[in-house]
Each structure stands twice: as C-alpha cells, then as structure tokens.
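Visitor: Protein chains in written order, with this note's numbering: chain A, 3 to 536; chain B, 2 to 77.
One structure coming up, written as structure tokens, with questions to follow.
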Amino acid sequence: MIAAPTLVALGQAAAPASRTPLVVICLYMCLLFALGWFSSRLFRGSSKDFFVASQSIGPFMLLMSVFGTTMTAFALVGSTGKAFSLGIGTYGLMASSSGLIHTACFFLVGIRMWSFGKKYGYVTQIQFFRDRFESKALGYLMFPILVGLIIPYLLVGLMGAGKYIFGVTVGMFPETFAAGAIPEWLSGLVICAVVLFYVFFGGVRSAAWANTFQTIVFMIMGLVGFYVIADALGGPAAASEKALANAPEKLSREGLMTPAHFMSYMLVPLSVGMFPHLFQHWLTARSAKSFRLTVIAHPICIMIVWVPCILIGIWAAGLYEAKELIVPPPNGDPNPNAVLSAMVKTFMKSSPLLIGLFSAGVLAAIMSSLDSQFVCIGSMFTNDFFVPLKGQVSDKQKVWLGRGFIVLIVLITYVISIFKPQNVFNLGVWCFSGFAALFPIAFASVYWKRVTTVGVFTSVIATAVTWALFIYDALGREVGEQWFGVEEHGEYLIAGVMPVTFICLASVVALVGVSLATRPPSRDTIDKFFPANG
Amino acid sequence: MKKVVYGLIFLLAVIHQDVWWWDDNSLVFGFMPLGLFYHALFSCMAAGVWAMAVKWAWPSDIERWAESTDEQGGDQ
Numbered sequence: 003m004i005a006a007p008t009l010v011a012l013g014q015a016a017a018p019a020s021r022t023p024l025v026v027i028c029l030y031m032c033l034l035f036a037l038g039w040f041s042s043r044l045f046r047g048s049s050k051d052f053f054v055a056s057q058s059i060g061p062f063m064l065l066m067s068v069f070g071t072t073m074t075a076f077a078l079v080g081s082t083g084k085a086f087s088l089g090i091g092t093y094g095l096m097a098s099s100s101g102l103i104h105t106a107c108f109f110l111v112g113i114r115m116w117s118f119g120k121k122y123g124y125v126t127q128i129q130f131f132r133d134r135f136e137s138k139a140l141g142y143l144m145f146p147i148l149v150g151l152i153i154p155y156l157l158v159g160l161m162g163a164g165k166y167i168f169g170v171t172v173g174m175f176p177e178t179f180a181a182g183a184i185p186e187w188l189s190g191l192v193i194c195a196v197v198l199f200y201v202f203f204g205g206v207r208s209a210a211w212a213n214t215f216q217t218i219v220f221m222i223m224g225l226v227g228f229y230v231i232a233d234a235l236g237g238p239a240a241a242s243e244k245a246l247a248n249a250p251e252k253l254s255r256e257g258l259m260t261p262a263h264f265m266s267y268m269l270v271p272l273s274v275g276m277f278p279h280l281f282q283h284w285l286t287a288r289s290a291k292s293f294r295l296t297v298i299a300h301p302i303c304i305m306i307v308w309v310p311c312i313l314i315g316i317w318a319a320g321l322y323e324a325k326e327l328i329v330p331p332p333n334g335d336p337n338p339n340a341v342l343s344a345m346v347k348t349f350m351k352s353s354p355l356l357i358g359l360f361s362a363g364v365l366a367a368i369m370s371s372l373d374s375q376f377v378c379i380g381s382m383f384t385n386d387f388f389v390p391l392k393g394q395v396s397d398k399q400k401v402w403l404g405r406g407f408i409v410l411i412v413l414i415t416y417v418i419s420i421f422k423p424q425n426v427f428n429l430g431v432w433c434f435s436g437f438a439a440l441f442p443i444a445f446a447s448v449y450w451k452r453v454t455t456v457g458v459f460t461s462v463i464a465t466a467v468t469w470a471l472f473i474y475d476a477l478g479r480e481v482g483e484q485w486f487g488v489e490e491h492g493e494y495l496i497a498g499v500m501p502v503t504f505i506c507l508a509s510v511v512a513l514v515g516v517s518l519a520t521r522p523p524s525r526d527t528i529d530k531f532f533p534a535n536g
Numbered sequence: 002m003k004k005v006v007y008g009l010i011f012l013l014a015v016i017h018q019d020v021w022w023w024d025d026n027s028l029v030f031g032f033m034p035l036g037l038f039y040h041a042l043f044s045c046m047a048a049g050v051w052a053m054a055v056k057w058a059w060p061s062d063i064e065r066w067a068e069s070t071d072e073q074g075g076d077q
C-alpha cells in the first residue's frame with residue numbers, strides 16, 4: 003500500500019476529491035446484484051445447470067463469457083502498466099499472439115473437449131482426464147496443481163482491483179483512510195461479496211449472464227475512457243507526439259526486449275487450453291456451432307480492449323518523462339499497476355461521473371474473470387475431490403457442496419490477497435506459464451492415441467517441479483544470486499527467453515518420451531475417445 | 002482448402018515475429034506507432050484466417066458424432 007505521506011509529498015493526495023466516482027461504482031455493484039438475482043431465477047435446480055448451465059449457452063453469450071473470462075486485471079491494469087514500462091511490444095507479447103493462440107486452442111481443442119463433455123456428461127476438466135487416461139489417481143494429482151495455479155490468477159484480479167480503486171479514490175476520505183483512499187482490503191471485500199452473491203445462487207449460468215453484461219460494459223467504457231483521455235491530451239496525435247518526444251524507446255521494441263524474449267512469450271497464451279474455468283465455459287455451449295462466433299471474433303475483441311490500453315500506457319510514459327504525470331512510487335520507481343488509475347484521475351478529473359463509469363468498466367473486466375474462476379473451483383472441489391472420495395452424492399447435495407466450496411475459496415483467496423501484494427502482471431504470467439506447460443497434455447489427449455497414463459503423470463510432475471523451481475528462483479532469491487535466470491527489463495529470463503519455454507520443454511519431453519516407453523492405453527479407451535467418424 | 006487454412010495459420014505464427022521494424026518508432030496516421038499498428042492489423046488478419054477455418058476446416062465429423070446420440074455417461 004502507498005503511504006499517505008508519500009502521496010501528499012507528491013501532491014496527489016492533498017486535494018480532497020469528489021465522491022461521485024464511488025457513487026457510480028456502488029450503483030454498478032447494485033446493478034450486478036440485480037442481474038445476479040434475475041439470472042438466479044433462471045437456475046433450474048440441477049447440478050448440471052449449476053456447473054455447466056445445462057449446455058444451453060448460445061453463440062453471443064459464449065463469446066462474451068469466454069472473452070470476459072480471459073480479460074482480467076491483467077488485460078486492463080496490467081497491460082497499461084506493462085506498456086508504460088516495456089512500450090508497444092506489450093501488445094505483441096500478449097494480445098496479438100493471443101488472437102492466434104487462444105483461438106487455436108478453442109478451435110483445435112475446445113470443440114473436441116465440448117464434444118466429449120456432451121457425449122459423456124463431464125462437468126469438469128479432471129473428469130475428462132480421469133476417463134481419458136484411465137486413472138482416478140491422475141485426478142487427485144491434477145486437482146491440487148490446477149487449484150494451486152488458479153489461486154494466483156484469482157489474486158491477480160483482486161489485487162488489480164484493489165490497487166486501481168485505491169488510485170482513483172485518493173483524497174475521497176481524508177479523515178478515515180490513509181491517503182484518503184479506499185484501502186485494498188475493503189475493495190476486495192466488496193468485490194468478493196458481489197461476485198459471491200450471483201454465483202452462489204445461479205452457478206455458471208449466472209456467471210455467463212454477468213460476464214456478458216460486464217464484457218459489454220468494459221468494452222464500451224474502455225473506448226469511452228480512451229476517447230476522453232485522448233481528447234484531454236489534445237487528441238491522439240498530440241499524445242503520441244509527446245510520447246515520441248519524451249519516451250521514444252516506448253514506441254518501438256529496441257532495447258526493451260529481444261526477439262527471443264518476444265517469441266518465447268507466444269507460449270504463454272497456450273494456457274487458455276488448460277484453464278479449468280474456460281473448459282467449463284466450453285461445456286456450456288448449446289452446440290459446436292456456438293463456437294463459431296467466438297473463434298472469429300475473439301482476436302478482434304482483444305484488439306478493441308488492448309490497443310487503447312497500450313496507447314494510454316505509452317502516453318503515460320511520455321507524460322511521466324515530461325513530469326506532467328505523477329505515478330505513485332512503491333520503492334523509488336513508478337508503480338506500473340498505478341499507471342491506469344493515475345491517467346484516469348489526471349485526465350478525467352473534469353468529469354467525476356466519467357471516472358466512475360470508466361472505473362466500473364475496469365471492475366467489470368476483473369469481476370468477469372473472478373466469477374468463472376470461483377464457480378470452477380467450487381465445481382472442482384465437488385466433482386473432482388469430494389464426490390470421488392465420498393462416493394454417491396445426490397444432485398441437490400452436489401449443488402450445495404458446490405456453493406459451500408465456492409464460499410470457502412472466496413474466503414481463502416480474499417485472505418491471501420490481503421497479505422501477498424505482488425506485481426499483478428508478473429504474477430499472472432507465472433500462473434499462465436504453469437497452465438501453458440500443461441497444455442501439451444490436453445492437446446495429446448484429443449490428438450495422440452499413443453499417449454499413456456504414465457506419460458501424463460510424468461509430464462504433470464515435470465511441469466510442477468520445473469515451475470516451482472523457477473518461481474522460487476525468480477521470486478524467492480535475491481536478484482544477482484539466482485540459479486537459472488536473470489532479471490532483464492523487469493522480467494525473469496532464462497537464457498534470454500521466458501521460463502515457460504523450459505517448463506513446456508520439460509513437459510513435452512516427459513510426455514512423449516515416457517509415453518513411447520510405456521504400455522499404450524486400452525482399445526476401449528481409444529475407441530471411446532477416437533471414434534471412427536470423429 | 003483445409004491445408005491452405007492450416008498453412009495460413011502457420012504463416013501467421015511466423016509473421017508475428019516482426020523483427021524487420023524492431024527499432025522503428027515512426028507513427029502511422031499521426032498517432033499509431035508502426036509496431037503497434039502492424040500487430041493490430043495482425044489481429045484483424047487472425048480473425049480473417051479463423052473465419053476461413055470456420056468455413057473450410059470446421060470439424061463437422063466431431064460435431065455430428067457428439068450430437069448423434071444422447072449423452073452416454075463417463076466414469077466420472
């Protein structure tokens with residue numbers, strides 16, 4: 003948290019601020035409560051409806067829920083901050099590559115996974131893997147790993163929201179809170195409560211409705227916010243000219259990243275092929291045709307959200323260098339996660355209403371991911387952990403177990419978010435890297451008949467070990483004393499490339515090598531998952 | 002046509018690595034840095050190629066198989 007004296011010294015917290023933005027944000031939260039109540043009326047009472055919306059979601063809602071789920075604090079707060087530090091290359095690192103790779107995952111893997119879910123009634127990813135690889139033990143191995151990887155992803159959302167709200171509310175409550183701003187713990191509490199309300203009653207169906215609404219909100223408000231900021235800077239041309247004059251390096255990639263670093267980032271978006279919450283959204287599709295709109299429009303939706311964020315980030319860099327923008331420093335350097343809120347506060351100050359609407363858009367992006375992740379973890383605890391251990395459970399009990407586990411995971415995530423502040427973007431990348439390295443298993447499960455249970459076990463273990471080793475080296479050891487990599491341009495790189503390269507390599511080598519050396523799966527399993535006409 | 006579509010997807014993965022204007026910070030339309038403009042265009046091209054994939058490489062066989070009979074139930 004940024005201390006009040008620091009902000010006062012910077013001249014940012016001294017002036018009392020209008021509370022109108024907060025009123026707008028509160029109204030938005032009330033709207034979500036109402037939507038949650040409405041969508042919960044559509045809940046049909048069965049566990050299949052709670053976990054996969056009875057496979058009734060059409061093309062538009064599937065696009066909005068899948069896209070909304072992939073866009074989080076990482077996309078808005080993180081991308082603006084990253085562009086502030088690394089320049090325009092940020093778009094190529096994550097956005098344009100995602101337009102290709104995410105969609106490839108939907109097209110090549112998602113549709114097949116949906117078909118197995120439809121045919122065999124799966125509601126979680128682990129159920130599919132257990133069947134496909136003929137091993138219940140695999141489910142118990144993957145369960146803690148997948149949950150362990152989602153929790154940092156959830157933290158990305160909560161921490162991003164907390165930091166953003168702190169930034170835009172500075173000066174609103176000078177007598178009550180440090181810097182007069184809403185503290186991160188309070189923002190996190192309210193966000194968790196709102197999301198919990200609508201997913202508790204309606205499950206993934208409510209999440210899909212809320213995602214659709216929130217995705218529309220954040221796309222529209224993102225464009226409006228971009229227009230207002232650009233206008234306040236004298237138009238986009240003047241803003242970019244200022245960036246070119248004061249921070250010219252941010253408009254290219256030279257000196258900020260290398261081609262090898264850039265290329266290795268392409269592996270990170272493979273993570274969507276293994277996200278359990280996306281798997282769950284895929285299963286909600288009414289038919290395979292529902293995927294068509296998502297496949298075509300996903301890259302365009304990414305562009306609509308990311309291009310304005312990147313431009314705002316490089317404009318902020320130019321303004322910062324020209325000493326026309328104050329970005330709160332955590333340790334002497336400007337805090338990248340505070341860039342978006344600093345730009346909003348500075349260039350929308352003439353319209354507190356707009357600040358409120360734009361902030362609602364930022365929160366919409368964040369909450370549209372949190373809800374799916376909460377439902378997914380509740381679903382996994384119920385279907386992949388409790389039910390296999392306990393045996394037969396009634397349908398009604400499954401719904402209540404799902405709800406109970408959702409409450410539990412919201413509480414755990416909230417408590418962790420209070421004590422573990424990290425750089426939002428980098429934490430997200432670590433989480434994505436783990437999922438990306440597990441993607442070869444998902445791919446092999448639908449395309450390679452020869453992949454074996456032992457091969458998958460080895461691949462999961464190889465991923466977990468290399469991931470844990472690298473993350474410890476990157477975050478747990480002092481800079482300069484790391485075993486494998488070095489800090490370059492604010493990122494931990496091994497031999498000049500992202501650690502995901504080596505984690506993926508370990509995963510693939512283990513998967514292929516051990517599969518070829520062990521007994522192939524049974525004929526029944528091959529026939530079940532590789533039908534002659536499919 | 003299916004092979005052409007997969008070829009185009011591979012080509013997209015290659016042209017994503019645009020090292021040829023790595024250090025060029027000129028502005029397109031007066032406000033858009035060239036590298037960013039190229040990658041925004043890349044996003045549009047990706048959407049176009051995926052539209053072609055939907056048209057010519059759609060897994061109709063999988064779709065028919067999944068929708069052919071009722072749910073069979075797995076071992077979950």
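Heads up, the beta-carbon is just placed ideally off N, CA and C, and yes, glycines get one too.
(1) Based on the DSSP secondary-structure assignment, which residues constitute the bridge partners of A/V494?
(2) In terms of residues, what are the limits of the alpha helix (DSSP H) holding A/V401?
(3) Give the straight-line distance between the Cα atoms of A/F131 and A/A55, rounded to the nearest whole angstrom.
(4) Given that A/A239 touches chain B, what residues does it touch there, using C-beta distances under 7 Å?
(5) Take A/M63 and list the residues in its own chain whose beta-carbon comes closer than 6 Å to its own, dropping the five residues that flank it on each side.
(6) Note down, one range per segment and in chain order, each alpha helix (DSSP H) of at least 4 residues found wholly within the stretch 39-122 of chain A.
(7) Since A/P250 meets chain B, which of its residues come closer than 8 Å, beta carbon to beta carbon?
(8) Please state if the CB of A/T82 and the CB of A/V341 are separated by a distance shorter than 7 Å.
(9) Is it the case that the stretch 402-418 of chain A contacts the stretch 228-240 of chain A, given that we only count it when at least three CB pairs across the two stretches are under 8 Å?
(10) Is B/F43 close to chain A? Criterion is C-beta to C-beta, closer than 7 Å.
(11) Does chain B have any CB closer than 7 Å to the CB of A/Y267?
(12) Just checking my contact of A/L37 with A/Y200 at CB under 8 Å: how many whole Å lie between their CB atoms?
(13) So, under 8 Å CB-CB, A/Q57 and A/N385 are touching, yes? Tell me the CB distance rounded to an integer number of Å.
(14) Excluding five sequence neighbours on each side, which residues of the same chain lie with their C-beta closer than 8 Å to the C-beta of A/I316?
(15) Tell me the rounded alpha-carbon separation between A/V329 and A/A344.
(16) Please confirm whether B/A67 and A/S117 have their CB atoms less than 7 Å apart.
(17) With a cut-off of 7 Å, does the C-beta of B/V79 fall near any C-beta of chain A?
(18) Report the neighbours of B/G36 on chain A: residues whose CB is nearer than 9 Å to its CB, in chain order.
(19) Answer yes or no: does any C-beta atom of chain B fall closer than 7 Å to that of A/I302?
(20) Below 8 Å, how does it come out for the stretch 24-40 of chain A and the stretch 255-267 of chain A: are there three or more Cβ pairs, yes or no?
(21) Would B/W66 pass as an interface residue toward chain A - the criterion being a Cβ-Cβ separation below 7 Å?
(22) Could you pull the DSSP bridge partners for B/V29 from this structure?
(23) Within this structure, are the beta carbons of A/A438 and A/S189 separated by less than 7 Å?
(24) Would you check if the stretch 275-288 of chain A and the stretch 441-452 of chain A touch, i.e. whether three or more CB-CB distances between them fall below 8 Å?
(25) Per DSSP, which one or two residues make a beta bridge with A/F318?
(26) Looking at chain A, is there any beta carbon in it that lies within less than 7 Å of the beta carbon of B/V55?
(27) If you draw a straight line from the C-alpha of A/G123 to the C-alpha of A/M73, how long is it?
(28) For B/L13, decide whether its Cβ has a neighbour in chain A, counting only Cβ atoms nearer than 7 Å.
(29) For A/H104, which residues in the same chain have their Cβ closer than 7 Å to its Cβ, ignoring the five residues on either side in sequence?
(30) Restricting to runs no shorter than 4 residues, where is the alpha helix (DSSP H) found entirely within the stretch 248-324 of chain A?
(31) Between the alpha carbons of A/M369 and A/R521, how many angstroms are there, rounded?
(32) Please confirm whether B/Q77 has its beta-carbon closer than 7 Å to some beta-carbon of chain A.
(33) Can you list the residues of chain B that A/G101 reaches, using a CB-CB cut of under 8 Å?
(34) For A/V158, does the three-state DSSP call read helix, strand or coil?
(35) Please confirm whether A/G101 and B/A47 have their CB atoms less than 7 Å apart.
(36) Between B/Y39, B/L13, B/F32, B/V50, which lies nearest to A/I298 when the distance is taken from Cα to Cα?
Guide: Taking the geometry as given:
(1) Your numbering for residue 494 of chain A matches position 492 in the first sequence. Sequence check: residue 494 of chain A is Tyr here, not Val. A/Y494 pairs with A/E489.
(2) Counting from one through the first sequence, the residue named residue 401 of chain A turns up at place 399. Per DSSP, A/V401 belongs to the alpha helix (DSSP H) from 397-421.
(3) On the first sequence, position 129 is the one that residue 131 of chain A refers to. On the first sequence, position 53 is the one that residue 55 of chain A refers to. Going from the Cα of A/F131 to the Cα of A/A55 covers about 21 Å.
(4) Start at 1 with the first residue of the first sequence, and residue 239 of chain A comes out as number 237. Near A/A239 (Cβ distances below 7 Å), the residues of chain B are G31, F32.
(5) Your numbering for residue 63 of chain A matches position 61 in the first sequence. Excluding residues within five positions, the ones whose Cβ falls inside 6 Å are A210, T214.
(6) 49-54, 61-72, 81-88, 99-106, 113-122
(7) Numbered from its first residue, the first sequence carries residue 250 of chain A at position 248. Going along chain B in sequence order, the residues near A/P250 (Cβ under 8 Å) are N26.
(8) As a working mapping, residue 341 of chain A is identified with position 339 in the first sequence. As a working mapping, residue 82 of chain A is identified with position 80 in the first sequence. Yes, these two residues count as a Cβ contact at 7 Å.
(9) no
(10) Translated into the one-based positions of the second sequence, residue 43 of chain B becomes position 42. It does; some Cβ of chain A falls within 7 Å.
(11) On the first sequence, position 265 is the one that residue 267 of chain A refers to. Not closer than 7 Å to any Cβ of chain B, the Cβ of A/Y267 fails to qualify, so no.
(12) Taking the first residue of the first sequence as position 1, residue 37 of chain A is located at position 35. Taking the first residue of the first sequence as position 1, residue 200 of chain A is located at position 198. Going by Cβ atoms, the distance from A/L37 to A/Y200 rounds to 7 Å, so yes, they are a contact pair.
(13) In the first sequence, counting from the first residue as 1, residue 57 of chain A sits at position 55. In the first sequence, counting from the first residue as 1, residue 385 of chain A sits at position 383. With 8 Å as the limit, A/Q57 and A/N385 do not qualify as a contact, their Cβ atoms being about 16 Å apart.
(14) Looking up residue 316 of chain A in the first sequence gives position 314. Within the same chain, A/I316 has close Cβ partners A85, F86, G89, I90, S242, A245, A249, K252, L253.
(15) For this step, residue 329 of chain A is matched to residue 327 along the first sequence. For this step, residue 344 of chain A is matched to residue 342 along the first sequence. Their Cα atoms are separated by approximately 6 Å.
(16) What you label residue 67 of chain B is simply residue 66 of the second sequence in a count that begins at 1. What you label residue 117 of chain A is simply residue 115 of the first sequence in a count that begins at 1. It is a contact, given that the beta carbons lie within the stated cut-off.
(17) Here chain B comprises residues numbered 2 to 77, so residue 79 of chain B is not present and cannot be evaluated.
(18) Within the second sequence, numbered from 1, the residue matching residue 36 of chain B stands at position 35. What B/G36 touches in chain A: G89, I90, G91, Y93, G94, L253, S254, R255.
(19) Locating residue 302 of chain A in the first sequence gives position 300, where the first residue counts as 1. Cβ-Cβ to chain B under 7 Å: yes for A/I302.
(20) no
(21) As a position in the second sequence, residue 66 of chain B is number 65, starting the count at 1. So, interface residue.
(22) Position 28 of the second sequence, counted from the first residue, corresponds to residue 29 of chain B. In DSSP, B/V29 forms a bridge with B/M33.
(23) Taking the first sequence and counting its residues from 1, the one referred to as residue 438 of chain A is at position 436. Taking the first sequence and counting its residues from 1, the one referred to as residue 189 of chain A is at position 187. No, the Cβ-Cβ distance between A/A438 and A/S189 is not below 7 Å.
(24) yes
(25) One-based indexing of the first sequence puts residue 318 of chain A at position 316. Checking the displayed sequence, the identity of residue 318 of chain A turns out to be Ala instead of Phe. Paired residues: none, contrary to the question.
(26) For the purposes of this step, residue 55 of chain B is identified with residue 54 of the second sequence, where counting begins at 1. So yes, B/V55 belongs to the interface.
(27) In the first sequence, the residue the question calls residue 123 of chain A occupies position 121. In the first sequence, the residue the question calls residue 73 of chain A occupies position 71. Rounded to whole angstroms, A/G123 to A/M73 spans 28 Å at the Cα level.
(28) The residue labelled residue 13 of chain B in the question sits at position 12 within the second sequence. Yes, contact with chain A.
(29) Taking the first residue of the first sequence as position 1, residue 104 of chain A is located at position 102. These residues qualify, in order along the chain: T72, P271, V274, H300.
(30) 261-266, 278-285, 293-323
(31) Mapped onto the first sequence, residue 369 of chain A falls at position 367. Mapped onto the first sequence, residue 521 of chain A falls at position 519. Cα-Cα distance, rounded: 45 Å.
(32) Locating residue 77 of chain B in the second sequence gives position 76, counting from the first residue. Low confidence applies to B/Q77: its pLDDT is 48, below 50, so where it sits in the model is not reliable, and the reading given next is rough at best. Yes - at least one Cβ of chain A is within 7 Å of the one on B/Q77.
(33) Mapped onto the first sequence, residue 101 of chain A falls at position 99. Correct list: F43, S44, A47, A48.
(34) Translated into positions along the first sequence, residue 158 of chain A becomes position 156. In this structure, A/V158 counts as helix in the three-state DSSP scheme.
(35) Sequence index remark: in the first sequence, residue 101 of chain A carries index 99 (1-based). Sequence index remark: in the second sequence, residue 47 of chain B carries index 46 (1-based). Yes, these two residues count as a Cβ contact at 7 Å.
(36) The residue given as residue 298 of chain A occupies position 296 in the first sequence. Considering only alpha carbons, the answer is B/V50.
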